[in-house]
Amino acid sequence: MKYGFVLPYGDARTAADFAFEAEQAGWDGFFVWEPVWGWEAWMLLTAAAMRTQRLKLGTMITPVSRMRPWELAGKTVTLDHLSNGRVILSVGLGAVDTGFAEFSEVTDRKTRAELLDEGLDILTGLWRGQPFNYEGKHYRIKETKFFAPPPPVQQP
258 MKYGFVLPYG DARTAADFAF EAEQAGWDGF FVWEPVWGWE AWMLLTAAAM RTQRLKLGTM
318 ITPVSRMRPW ELAGKTVTLD HLSNGRVILS VGLGAVDTGF AEFSEVTDRK TRAELLDEGL
378 DILTGLWRGQ PFNYEGKHYR IKETKFFAPP PPVQQP
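Just so we're aligned: the sequence shown equals residues 258 to 413 in our numbering.
This is how it looks when you write it as structure tokens:
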């Protein structure tokens with residue numbers, strides 16, 4: 258059995274300090290909340306990665322339906338390289354009562370599920386580090402011609 262420590266709320270310094278202490282105490286993972294508005298989860302995890310060597314790092318849940326999948330792909334691959342393959346991406350729809358409506362985010366579960374599915378397709382496509390096209394109901398990506406980062410350290 259493995260154990261993960263959850264930091265429900267805190268700034269980057271707090272995240273780095275708690276992650277360091279969790280690793281010293283023998284915990285296996287360190288997870289943060291990804292709110293609609295507030296401390297940016299991937300920045301907190303970056304701070305934690307800089308202070309730790311072996312802890313797995315991730316969000317409690319990333320509601321892909323409210324993300325730009327290409328930005329999330331970049332954040333996760335960057336952190337995966339920085340941490341030498343310690344990223345865990347936990348995904349889901351997210352709870353609408355955590356601020357979706359207040360920020361004009363999609364609240365319809367079916368639409369959010371479609372966005373999640375398409376987002377996962379885009380993430381895995383971009384993580385390959387190769388030119389990529391995508392045509393979905395909600396997202397369209399013409400062949401990516403840019404300096405893509407290499408694929409993640411670990412394979413999705």
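From the three backbone atoms N, C-alpha and C, an ideal C-beta is built for every residue, glycine too.
Closest by C-alpha distance to Thr355, out of Asp274, Ala273 and Trp290, is Trp290. In the pairwise beta carbon analysis, the region 336–351 is classified as touching the region 313–324: at least three pairs are separated by under 8 Å. Here Ala304 is not near Leu314, since their CB atoms are 8 Å or more apart. In the structure shown, Phe288 adopts extended strand secondary structure according to DSSP, grouped into three states. For Thr316, the uninterrupted beta strand (DSSP E) run begins and ends at Lys313 to Thr316, by DSSP. Taking the Cα of Val344 as reference, the smallest distance to any Cα among Glu362, Arg311 and Tyr266 is reached at Arg311. A check of alpha carbon separations from His395 across Gly283, Gln412 and Leu373 identifies Leu373 as the nearest. Contact between Asn390 and Ile379 is ruled out by a C-beta separation of about 10 Å, above the 8 Å threshold. For Ser340, the CB contacts under 7 Å within the same chain, skipping 5 residues up- and downstream, are Ala306 and Leu314 in chain order. Gly386 is positioned such that its CB atom lies no closer than 8 Å to that of Pro413.
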